[in-house]
Amino acid sequence: MARPVIDETHDPARQSWVESAAGHPDFPVQNLPLGVVAPPGGGARGAIAIGDLVLDLGELAASELLEGAAKAAALAGSGASLNALLALGAAPRTALRRAVSALLSDEAYRTRVEPMLHRAEDCTPHLPANIGDYSDFYVGIHHATNVGKLFRPDNPLLPNYKHVPIGYHGRASSVAVSGTPVRRPAGQRRAPDRDAPLFGPTARLDYELELGVWIASGNALGEPIPIGSAGDAIAGISLLNDWSARDLQAWEYQPLGPFLAKNFLTTVSPWIITAEALAPFRTAQPARPAGDPQPLPYLLDEEDQSSGALSATLEVLISTARMRAEGHPPFRLSRTAASHMYWTMAQMVVHHSVNGCNLRPGDLLGTGTISGADSESLGSLLELGEGGRRPVVLPGGEERCFVEDGDEILLAGRLGAPGFVPIGFGPCRGVVHPR
Ligand code: MN
Numbered sequence: 003m004a005r006p007v008i009d010e011t012h013d014p015a016r017q018s019w020v021e022s023a024a025g026h027p028d029f030p031v032q033n034l035p036l037g038v039v040a041p042p043g044g045g046a047r048g049a050i051a052i053g054d055l056v057l058d059l060g061e062l063a064a065s066e067l068l069e070g071a072a073k074a075a076a077l078a079g080s081g082a083s084l085n086a087l088l089a090l091g092a093a094p095r096t097a098l099r100r101a102v103s104a105l106l107s108d109e110a111y112r113t114r115v116e117p118m119l120h121r122a123e124d125c126t127p128h129l130p131a132n133i134g135d136y137s138d139f140y141v142g143i144h145h146a147t148n149v150g151k152l153f154r155p156d157n158p159l160l161p162n163y164k165h166v167p168i169g170y171h172g173r174a175s176s177v178a179v180s181g182t183p184v185r186r187p188a189g190q191r192r193a194p195d196r197d198a199p200l201f202g203p204t205a206r207l208d209y210e211l212e213l214g215v216w217i218a219s220g221n222a223l224g225e226p227i228p229i230g231s232a233g234d235a236i237a238g239i240s241l242l243n244d245w246s247a248r249d250l251q252a253w254e255y256q257p258l259g260p261f262l263a264k265n266f267l268t269t270v271s272p273w274i275i276t277a278e279a280l281a282p283f284r285t286a287q288p289a290r291p292a293g294d295p296q297p298l299p300y301l302l303d304e305e306d307q308s309s310g311a312l313s314a315t316l317e318v319l320i321s322t323a324r325m326r327a328e329g330h331p332p333f334r335l336s337r338t339a340a341s342h343m344y345w346t347m348a349q350m351v352v353h354h355s356v357n358g359c360n361l362r363p364g365d366l367l368g369t370g371t372i373s374g375a376d377s378e379s380l381g382s383l384l385e386l387g388e389g390g391r392r393p394v395v396l397p398g399g400e401e402r403c404f405v406e407d408g409d410e411i412l413l414a415g416r417l418g419a420p421g422f423v424p425i426g427f428g429p430c431r432g433v434v435h436p437r
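First residue of the sequence shown: 3, per this note's numbering; consecutive thereafter.
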């Protein structure tokens with residue numbers, strides 16, 4: 003993936019006149035993520051997050067403050083979805099970022115820009131794009147190994163894993179923005195000691211800590227995206243929770259893979275952290291262990307190997323109904339790093355399109371669950387609770403092997419690199435409600 007340039011928008015000395023942006027854990031002026039919100043009494047429209055506020059792209063586009071590519075990008079992002087802006091690709095998106103960074107950091111523009119800002123807490127978040135297609139990968143190698151071990155202790159990774167970025171086609175209609183209630187799904191499951199399945203609410207509800215990758219310009223049907231230009235296909239990333247019903251999954255997944263165990267809901271954080279904002283946090287893809295195969299040439303690119311991974315910490319927190327009632331803060335279940343992905347985002351994009359399959363602006367890819375190598379860094383309760391054998395003990399004494407009604411699951415993430423202002427994703431949360 004080509005490395006976006008580091009420019010004045012990443013300058014750690016740059017400050018916004020929006021006071022809440024200074025030291026903001028997610029949205030300092032160095033981030034400027036893209037999203038869609040509905041302000042009080044208004045319809046959904048494109049916006050950029052800055053501190054505790056959001057900048058209305060429609061009002062900005064209608065002003066005299068932008069020109070050229072930046073104005074075209076703001077105009078394309080002023081509707082109820084960002085697909086048209088994503089379709090423009092990197093150059094107009096970069097022009098918009100540079101213009102907005104200047105407007106928000108130069109006091110001279112304050113009186114003209116301030117009326118275009120809304121308080122984020124007053125706005126309703128929406129999905130950033132109309133998602134035409136959603137696919138989920140499986141590139142978290144520790145997760146794949148841990149889950150494989152539950153079924154095949156001696157041979158956890160299947161022979162294709164180190165040759166192919168494994169994935170499946172998910173369901174776009176049930177991808178929802180952070181805060182959407184999680185209705186416990188019902189379905190078929192079969193107890194190990196029974197021949198016939200039961201129907202009812204899942205007894206093994208789980209979460210999966212993933213990154214979501216948003217597609218920018220995409221590719222025409224029949225025209226694969228080469229690895230050298232895969233960077234242009236990626237608009238940015240968000241957090242993604244691939245809610246999973248493990249008992250439904252175990253019964254239904256053979257021979258065609260996940261179906262109703264996964265497609266009842268997928269939660270994403272509201273903001274697209276753009277490829278430009280990610281530039282300082284790009285890092286080398288970790289070297290493959292000795293003896294692992296090299297990727298086939300269509301998946302291998304020197305630039306991608308040297309800068310295609312991300313320096314990000316990712317966390318899962320839980321807050322049960324009882325913890326909230328007793329005043330306990332959310333409890334961190336795990337903390338892991340984005341570097342535990344065996345394949346880069348660019349390799350996922352390239353593999354997805356190599357047969358001619360077309361990716362379209364606003365499509366969403368999940369990376370797969372990102373777990374680390376140790377027990378503090380597991381990205382699902384299936385792994386933390388060892389498939390139901392070792393419950394996690396929470397503050398207040400409750401135990402969890404799977405997610406219960408009333409539980410809130412929160413994903414959080416932060417990108418950091420020496421010499422740069424850290425940026426975050428914003429929340430990705432959901433409370434589970436009974437069937
Ligand atoms: Mn998944």
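Even for Gly, the Cβ is constructed at its ideal location relative to N, Cα and C.
Mind checking residue i: buried by the 16 CB within 10 Å criterion, or exposed?
| i | result |
| --- | --- |
| residue 385 | buried |
| residue 148 | buried |
| residue 113 | exposed |
| residue 165 | exposed |
| residue 366 | buried |
| residue 300 | exposed |
| residue 8 | exposed |
| residue 228 | exposed |
| residue 398 | exposed |
| residue 361 | buried |
| residue 63 | buried |
| residue 156 | exposed |
| residue 358 | exposed |
| residue 68 | buried |
| residue 28 | buried |
| residue 258 | exposed |
| residue 260 | buried |
| residue 3 | Residue confidence is low: residue 3 scores 43 on pLDDT, short of 50, so the model does not pin down where it sits. Its coordinate-derived value is still stated next. By the 10 Å Cβ count, residue 3 comes out buried. |
| residue 435 | exposed |
| residue 222 | exposed |
| residue 292 | exposed |
| residue 302 | exposed |
| residue 400 | buried |
Give me, in chain order, the residues of the same chain whose beta-carbon lies closer than 8 Å to that of residue i; leave out the 5 immediate sequence neighbours on both sides.
| i | result |
| --- | --- |
| residue 350 | 139, 141, 167, 169, 215, 367, 369 |
| residue 387 | 393, 394, 402, 403, 404 |
| residue 333 | 319, 320, 321, 325, 396, 397 |
| residue 16 | 10, 31, 32, 103, 107 |
| residue 266 | 176, 185, 187, 245, 247 |
| residue 251 | 260, 263, 264 |
| residue 18 | 24, 30, 31, 52, 53, 106, 107 |
I'd like the list of long-range same chain contacts for residue i, defined as Cβ closer than 6 Å, with 5 residues on each side in sequence excluded.
| i | result |
| --- | --- |
| residue 60 | 47, 80 |
| residue 248 | 206, 208, 384 |
| residue 130 | 37, 38, 84, 274 |
| residue 382 | 208, 210, 371 |
| residue 51 | 29, 35, 273 |
| residue 277 | 6, 236, 238 |
| residue 287 | 307, 310, 311, 346 |
Is there a Cβ from chain C that is less than 8 Å from the Cβ of residue i?
| i | result |
| --- | --- |
| residue 67 | Among the protein chains of the structure shown there is no chain C, as only one such chain exists. |
Which same chain residues end up closer than 7 Å to residue i when comparing Cβ atoms and leaving out the 5 residues on each side of it in sequence?
| i | result |
| --- | --- |
| residue 504 | The structure shown does not extend to residue 504, since the chain is modelled only from 3 to 437, so the question has no answer here. |
| residue 375 | 144 |
| residue 330 | 397, 398 |
| residue 199 | 190, 191, 192, 253 |
Kindly give me the distance between the Cβ atoms of residue i and residue j, rounded to whole angstroms, as I take these residues to be in contact under 8 Å.
| i | j | result |
| --- | --- | --- |
| residue 127 | residue 189 | Not confirmed; about 29 Å, so no contact. |
| residue 432 | residue 415 | With 8 Å as the limit, residue 432 and residue 415 do not qualify as a contact, their Cβ atoms being about 16 Å apart. |
| residue 243 | residue 77 | The pair is not a contact, with the Cβ atoms about 32 Å apart (cut-off 8 Å). |
| residue 337 | residue 317 | 5 Å |
| residue 92 | residue 218 | 7 Å |
| residue 364 | residue 45 | Actually they are not in contact, since the Cβ atoms of residue 364 and residue 45 sit about 19 Å apart, beyond 8 Å. |
| residue 283 | residue 308 | Not quite, the Cβ-Cβ distance comes to about 14 Å (not below 8 Å), so this is no contact. |
| residue 354 | residue 137 | 6 Å |
| residue 327 | residue 285 | Wrong, their Cβ atoms sit about 42 Å apart, outside the cutoff. |
| residue 213 | residue 120 | So it is not a contact: roughly 27 Å between Cβ atoms. |
| residue 430 | residue 241 | 4 Å |
Please list, in chain order, all residues with a C-beta atom less than 5 Å from at least one heavy atom of the ligand MN.
-> 138, 210, 244
Completely contained beta strand (DSSP E) runs for the region 69-146, where each covers 3 or more residues | 119-121, 126-128, 136-139
Kindly provide the ranges of any beta strand (DSSP E) runs that are 3 or more residues long and lie completely inside the region 232-305, ordered along the chain.
-> 236-243, 268-270
Quick one: complete beta strand (DSSP E) runs, 3+ long, within the region 295-373?
-> 314-321, 333-339, 366-368
Which runs of the alpha helix (DSSP H) spanning at least 4 residues fall entirely within the region 167-245, listed in chain order?
-> 232-235
May I have a chain-ordered list of the beta strand (DSSP E) segments no shorter than 3 residues that lie completely inside the region 392-437?
-> 410-417, 430-435
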